[in-house]
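See below:
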């Protein structure tokens, strides 16, 4: 899960650098039961569009990668054209249960 989240974050930040005037954004990491949600927000009203996957193109694969390595992703426009938040979620393949270990007291 960590590798997938790392790749997806780097792709979303690369999109900010390439497409957002001023290259400014906010990022939020939300730990959730069973996974993580990451949100990257900016003030650019243009919504991202996944590339066509042209193998000869220099760019245009970032959101395709995000889609491939995450469990869910999407875009939430801000009201009145004030920007957007691009987000993704990565879920843990296994939920680790807590196990009580025996106490060493009295040994």
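Residue numbers (the working numbering): 2 to 108. Even for Gly, the Cβ is constructed at its ideal location relative to N, Cα and C. Keep in mind that this is a model prediction, so the values were computed, not measured.
The Cβ atoms of residue 37 and residue 28 lie no closer than 8 Å to each other. For residue 63, the uninterrupted alpha helix (DSSP H) segment begins and ends at 63–70. According to the DSSP secondary-structure assignment, residue 36 is paired through a beta bridge with 33, 92.
Restricting attention to 32, 78, 23, the CA atom closest to the CA of residue 3 is found in 32. Residue 78 is bridged by DSSP to 85.
As the crow flies, the alpha-carbon of residue 82 is around 5 Å from that of residue 46. Minimum Cα-Cα distance from residue 15 among the listed residues 66, 72, 35 corresponds to 66.
Among the bridge pairs identified by DSSP, residue 4 is matched with none.
Judged by DSSP in its simplified three-state form, residue 27 adopts strand.
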